[in-house]
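Beneath this line is the structure, given in C-alpha cells, with notes to follow.
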Amino acid sequence: MSAVPELRITLAGAERVVAEGTTYGEALQADGRSVVAARANGELRDLAAPVAEGDQVEPVAVDSPDGRAIVRHSTAHVMAQAVQELFPEAKLGIGPPVDNGFYYDFDVKNPFTPEDLKRVEKRMREIVKQGQIFSRRPVSDEEAQEELAAEPYKLELIGLKGGAGAQEDGADVEVGGAELTIYDNLDPKTGDLCWKDLCRGPHVPTTRSIPAFKLMRSGGAYWRGSEKNPQLQRIYGTAWESRDKQDEYLHLLEEAEKRDHRRLGAELDLFSFPSELGSGLPVFHPKGGIIRKEMEDYMRRRQGEAGYEFVNTPHITKSQLFETSGHLPWYAEDMFPPFELEGVEYRVKPMNCPMHNLIFRARGRSYRELPLRLCEFGSVYRYEKSGVVHGLTRVRGMTQDDSHIYCTREQMVGEIKSLLTFVLSVLRDFGLSEFYLELSTRDDSDKFIGDPADWDEATEALRQTALESGLELVDDPGGAAFYGPKISVQAKDAIGRTWQLSTIQLDLNQPKRFELEYQAADGSRQTPVMIHRALFGSIERFLGVLTEHYAGAFPPWLAPVQVVGIPIAEAHAPYLQDLAKKARERGIRIEVDASDDRMQKKIRNAQKSKVPFMLLAGDEDIANGAVSFRFRNGEQKNGVPVDEAINEIADAIERRIQV
RNA sequence: GCCGACGUAGCUCAAUCGGCAGAGCAACAGUCUUGUAAACUGUAGGUCAGGGGUUCGAUUCCCCUCGUCGGCUCCA
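Positions in the first sequence are counted from 1; adding 223 to them yields our numbering.
Structure (C-alpha cells):
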C-alpha cells in the first residue's frame, strides 16, 4: 500500500503540506458560515473543491464583497428552485448577484403577484432550513444541452459561451469559464437531487450558509437586456451576511424613502406636477421658486466671475436648425413632434447648442475672443418615454444652466481642466463633497456622428484632464452624446447614493456642421472646438438631488424660509415684528407666526417645515432686548441680544454653512 | 415604449361582496393665550382621475384614455 500522496500549498501566506483529496474547506478549516468560499491563485472556488499542488489559498469571508456576492448568488439559486417548484412551467433566465442583492429572471405565463412572492419566500425559507448541498459537476456542452433541453434560455447561453457580450449582460454568471458546470442541489439526508441549474459558481456549501435574505419586488425585464427580446419576469431580492446587516440595509431604504424629493416637494410646498399640464412637467411653488432663485443667482455670480457671457435664445425654432446640428437625423425620437406655421415646420428645442452656435456665427470672430463662453438658463423639452418620467430627476421640460465654450484646439485641454475645477468648486458650495468622474465614449454603434479620429482626440483630451484631477475615473463605453464624448461628474449624497450631475462634452462636429470659424493670428480661418457644459445637469434635477441630500433641511442660504419668529403669547408678536423688519433689511427671509395657534404648535409647524432658525420671544427676552433660538435639532440658546442673533443668522447664510 | 400594480376631500387613509361616501390632519370661523413638536368648539370641503359600456341602479363589474408607483430599455 502506497502512502497517500501529499500536496504543497500556501495558506494565507504560510506553506502547508496536505494529503491529496483535501478540500479547500478542510485546508482552511472553514465553517461554511463565516468563510463561505476559497480563493485559489486568485480564482474563487467552492469549499468542497479539492486543492491542487502549489495552490495559493485564501479564505473568502462572508462579509467581504466576494463573500456577499456568493451568498447572494446562492440565494438567487434557492429562489429559482422555489419558483420552479411552485410554478413548474417557469423557464429560467439568468440570476446574478447585484449591488445589495440579486435577481433571477423567469419566463412565466402570468407575472408574479405580491402573494406569489410571499409563497416563494416561504418556500425559500424551508429550503434554507433544510440545508441542501450545492454540488458542482462539470459537463460537456452536449451533456448540458441534453440535461437542459427544457430550458430554452439556458440553451441559448450555452451557445454563447465565451462569446463577446456575454459578460455585459450578466450571462457570464451562468457560463463564465472554459468548461460548463451544473450545480446540483442535494438533499443533505438522502443525497437526492432536489434541483439543478447551469452555473459557473462558486456557491456557499449548503443553503444553511445563507444568513439573511428577503424578496423585494418583481417587474418585467427584457431577456439579455434588449427591448427587441421577449420580456421575462424578474424577481429582486436582498441577502446579507447577517440579520443585522440586512436590517441596516432595509433601514437605509426607509431613510431613502423619507428623503424622496417627490414626497418632500409636496410636504414642503416646493413644487408639484399638475396632471393638467402633462407628465414630466413640473411647476415650482413660491418656496421652491426661492430655492431655484438662490441657485440661479449663485450661478450667475460664479459664471460672471469666471468670464462667461450671458445670452438668451427662444424655445422654438424652424426644424431646419436641427437638420444642421444633426439632431433630427440622430435624436428625433427624443424630440417633441413638429408643428407647422406658415408652411414651415417648427420644433421645440431639446438642446440649446444650435442657437448658441448662431450667436457665435452672428459676426466674424477673432482668436482674441477665444475662449468665448456663452451661458444661459435655457429651457429645453425632450420627449421622454412615458415609463421613464420620474419626479424632478427625469422630466420632459427642464432648464439647463447651459454653457457652450468655443476655443482653439490648443486651448482645449486647459479649458477643460479649469472647467472641471470650476464645476467641483460650485458643487462643494452646495454641500456636496464626494465625487467621481465617468468618461463616456463612443463604441462601434452607428448612433455617433463625425470622424473617429476627431473622437479619439477629444476623448484623449477628456481622459487626460480627468486623470489629472486625481478623482476616480470610471469608463462608460458607448455612453457618449451623439456628437462627442463627455465627462460626467457623479456626486455622492448624504446617504451614499450617487447622482449624475454636471456634464462636460467635447464637440468637434457641430462647429463643422455650422461652419463656425474664427480668424487666427496668421490670418487663416480656423474651426473652433466647442465644449458643452451643463453644471447642474438641469436645475430641476439638481434641486431634486439637493432635496434628497439634505432631506429637505436645506442650509440657511437655500432655505425658503430662514427664520420663523414665534411669540410666546400674542402680546409678544410686535416685538418680533420689529426684529423681523431689521432682519429683512439684512436680506434674511423671516416670517413671524402670528396665527392663533399656541406656541408649542407653532414650534411644531416650523419644525415640520424644516426652518433652520426659530426665534422665540416672551416677557423675559423682551425685558433684556433679547431673543431665544431653537435650532432644527431641538437645541436652544436663550437670551441672545437681538443684534447678535441677527448677525449669527446673517453669517450662517453668507458662509453657506449647514446648521 | 414594454411588463405589472394603483388612482376615494388639499394630505394620509377607511367604507360600500352593485343601493344616499367617512375619519384624522390641513383650510375657514369663533373662543382661549406665557417658555421650546399637536388648546377647544364649530363650518365647509368629493361628478369616488376622465370617457364609454353592462345594469332598474356603477365609486364598486368590463373597455378605453390620462396620471402615479415599481421594474426593463433609455437618459440631464
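Every residue, glycine too, gets a C-beta built ideally from N, C-alpha and C.
Q | Straight-line Cα distance separating THR430 from GLY210 | A | Past the boundaries of the shown model lies residue 210; the chain is included only from 224 to 882, so the question cannot be answered.
Q. Residue range of the alpha helix (DSSP H) that HIS772 falls in?
A. 762–772
Q: Select from ALA792, ALA313, ASP557, LYS419 the residue whose C-alpha is nearest the C-alpha of LEU969.
A: What the structure shows of the chain is the stretch from 224 to 882, and residue 969 is not part of that stretch, so it cannot be assessed.
(Q) If contacts are defined as beta-carbon pairs under 8 Å, then TYR247 and VAL294 qualify, I think. What distance do you get, rounded to the angstrom? (A) The Cβ separation is near 17 Å, so there is no contact.
(Q) Cutting at 8 Å between CB atoms, please list the residues of its own chain near ALA387, excluding the five before and the five after it. (A) Reliability of the predicted coordinates at ALA387 is poor, the pLDDT of 39 falling under 50, and no value is obtained from them.
Q: Under the assumption that ILE232 contacts VAL274 (Cβ atoms under 8 Å), give the Cβ distance between them as a whole number of angstroms.
A: 5 Å
Q. Between which two residues does the alpha helix (DSSP H) containing TRP678 stretch?
A. Looking at the DSSP string, the run of the alpha helix (DSSP H) that includes TRP678 is 675–691.
Q: Sort out for me which residues DSSP pairs MET621 with in a bridge.
A: VAL603
Q. When burial is assigned at 16 or more other CB atoms within 10 Å of the CB, is HIS755 buried or exposed?
A. buried
Q.
Residues in the same chain with beta-carbon distance under 8 Å from ALA299, minus the five sequence neighbours each way, listed in chain order, please.
A. GLY318, PRO319, PRO320, PHE325, TYR326, TYR327, GLY460
Q. DSSP state of CYS422, grouped into three classes?
A. coil
Q.
Taking 6 Å as the limit between beta carbons, can you name the residues of its chain near LEU655, skipping five residues before and five after?
A. ALA714
Q) Run through DSSP, which three-state label would PRO790 get? A) strand
Q: Take every Cβ of the segment 473–483, pair it with every Cβ of the segment 336–346, and state whether three or more of those distances are shorter than 8 Å.
A: no
Q: Tell me whether MET439 sits in a helix, a strand or coil according to DSSP, three-state version.
A: strand
Q. Along the chain, where does the beta strand (DSSP E) that runs through ALA849 open and close?
A. 849–854
Q) Between the Cα of PRO282 and the Cα atoms of GLU276, ASN264, HIS296, SER297, which residue gives the shortest distance? A) ASN264
Q: To the nearest angstrom, report how far apart LEU839 and ARG879 are at their CA atoms.
A: 23 Å
Q | Residues of its chain near GLN785, where Cβ-Cβ distance is below 8 Å and the 5 sequence neighbours each way are ignored | A | PRO779, ILE811, ARG812, ILE813, VAL834, PRO835, PHE836, ILE872, ILE876
Q: Starting from ASN408, follow the beta strand (DSSP E) in both directions and report where the run begins and ends.
A: 403–409
Q. When you compare each of ILE356, GLU349, LEU234 to ASP278 by their alpha carbons, which one comes out closest?
A. LEU234
Q.
Would VAL534 and THR631 qualify as a contact pair, given that the criterion is a beta-carbon distance under 8 Å?
A. no
Q. For PHE335, which residues does DSSP report across the bridge?
A. DSSP, once it has assigned bridges, lists no residue as partnering PHE335.
(Q) Taking the alpha helix (DSSP H) that ASP364 belongs to, which residues open and close that run? (A) Unbroken alpha helix (DSSP H) run through ASP364: 364–370.
Q: Keeping to the same chain, check which residues put their C-beta closer than 8 Å to that of ARG748; ignore five residues upstream and five downstream.
A: GLU740, TYR741, GLN742
Q) Could you give the residue range of the alpha helix (DSSP H) that holds ASN580? A) 576–584
Q. For the candidate residues LYS670, LEU642, MET439, GLY443, whose alpha-carbon lies nearest to that of PRO552?
A. LYS670
Q) To which residues of the same chain is PRO864 closer than 7 Å at the C-beta, ignoring the five residues directly before and after it? A) GLY848, ALA849
(Q) Between the alpha carbons of GLN623 and GLU563, how many angstroms are there, rounded? (A) Within the model, the alpha-carbon separation for GLN623 versus GLU563 is close to 26 Å.
Q | Residue environment, GLN469, which counts as buried when at least 16 other CB atoms sit within 10 Å | A | buried
Q: Spell out a yes or no on whether the segment 350–360 and the segment 401–411 are touching, meaning 3 or more CB-CB pairs, one atom from each, closer than 8 Å.
A: yes
**Q.** Endpoints, the alpha helix (DSSP H) within which TYR798 is located
**A.** Unbroken alpha helix (DSSP H) run through TYR798: 796–808.
Q: Within the same chain, show all residues whose beta-carbon is closer than 6 Å to that of SER692, passing over the 5 residues directly before and after it, in chain order.
A: Here the set comprises LEU643.
**Q.** Inter-residue Cα distance where the pair is GLU471 and ARG291
**A.** 15 Å
Q.
Distance check for LYS831 and GLU858, CA to CA, integer angstroms please.
A. 15 Å
(Q) Please classify GLU229 as buried or exposed, where buried requires at least 16 neighbouring CB atoms within 10 angstroms. (A) exposed
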